[in-house]
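Numbering-wise, full-length UniProt numbering puts 128 at position 128 of the sequence shown, and it's gapless, one number per residue. Accompanying notes for the structure given below.
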Amino acid sequence: MTEGRTAERGSTRADIRRPAQKRSKARFEAILDGAERLLEKVPTAALSIHAIAAEVGISPPSIYHFFPEPQLVFSALAERYLTRFEQSVLADPPTEVESWQDLQTRQFRSAQRWFNAHPAARQVLLGGPAWSPDIGIQDHDSNYVTAGRMLELLDALFVLPEIPDLRDRLVEVIVISDAIWSLSVHRHGQITDAMEEQARRARIAYSRTFLPEYLTRRAPVDAAE
C-alpha cells in the first residue's frame, strides 16, 4: 500500500489549505462543486482558477486561499471521486454468481457504469490531462481498498485455497483494467462496451495465473445452519 507517500515533485494534498470553520468548509465544497460542473462540460485544459471563480461567483484570490496551485483542485476532486466510488460501487456488491469470473465481470461492469455516468471523474482519474503523481498515489491507495473489498466478497462466496499476496494480485488486476479504460476514454471519451470487453479478457487471463479455474461456491449461511 502506498499510503503516506507523497509525490516527488510539485504540490501534494498536504498543500491544500483545508478549512476548519463551517462557513469556510461550505466555500471549499462550493469551489469543488463549481469545478465539477465545469468538467462536465469542458476538458481539463479549459479549467482555470478564473473559470472556477466565474462559475462559483467568487473572486480568484478566494480560491487561491484554499488551493495555492490549480493542480490542487484536481487533487481534491480526485479525493472526492474516489470516496464516492468506494461508497457507491463497493457498497452494493453482486451476490447471485456461480463463478469468480462472473463475480469479477459484474464488479468491473458496475464500475464501468459509474465512470460513464460521471464524466468529470473520468477526466480526473483515468489518466487525462488532470492526472498528476499525487492523483496517482490517491488512485493506488483506493485500488488497495477496492482490492480488499473484492477479496472479502470473493472469500465470502467461494472456498479459497492459500494464495500468497492475493490482495496485491487483485490490485494488479485493477491496474490492468484501468490502463485499458484510460485508453478507451482517450479514444472515445468514455469506457465503451468493446473496450470493456478487452479489459475483461485481460483481467480474466491475468487472474487465471493465480486463481484456479473453478472455485467451490460456499453454501448460503441460512442453508448451512
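We treat Cβ as the ideally placed atom computed from N, Cα and C, and that holds for glycine.
- Under a 10 Å Cβ-count criterion, residue 155 is classified as exposed, with fewer than 16 other Cβ atoms of the shown protein chains found around its own Cβ.
- By the neighbour-count criterion, in which 16 or more other beta carbons inside 10 Å mark a residue as buried, residue 213 falls on the exposed side.
- Counting only runs of at least 4 residues, the region 112–156 fully encloses the following alpha helix (DSSP H) elements, listed from N- to C-terminal order: 119–125.
- Burial state of residue 216 is exposed, judged by a 10 Å Cβ sphere holding fewer than 16 other Cβ atoms.
- In the DSSP assignment, residue 158 forms a beta bridge with 217.
- Taking each of 16, 55, 181 in turn and checking the Cα distance to residue 33, the smallest one comes out for 55.
- Between the region 160–175 and the region 184–200 there are fewer than three inter-stretch CB-CB distances shorter than 8 Å, so the stretches are not counted as touching.
- Judged by DSSP in its simplified three-state form, residue 21 adopts coil rather than helix or strand.
- Within the model, the alpha-carbon separation for residue 157 versus residue 92 is close to 15 Å.
- Burial of residue 146 is indicated by the presence of at least 16 other C-beta atoms within 10 angstroms of its C-beta.
- Between residue 171 and residue 206, the C-beta gap is not smaller than 7 Å, which leaves the two residues out of contact.
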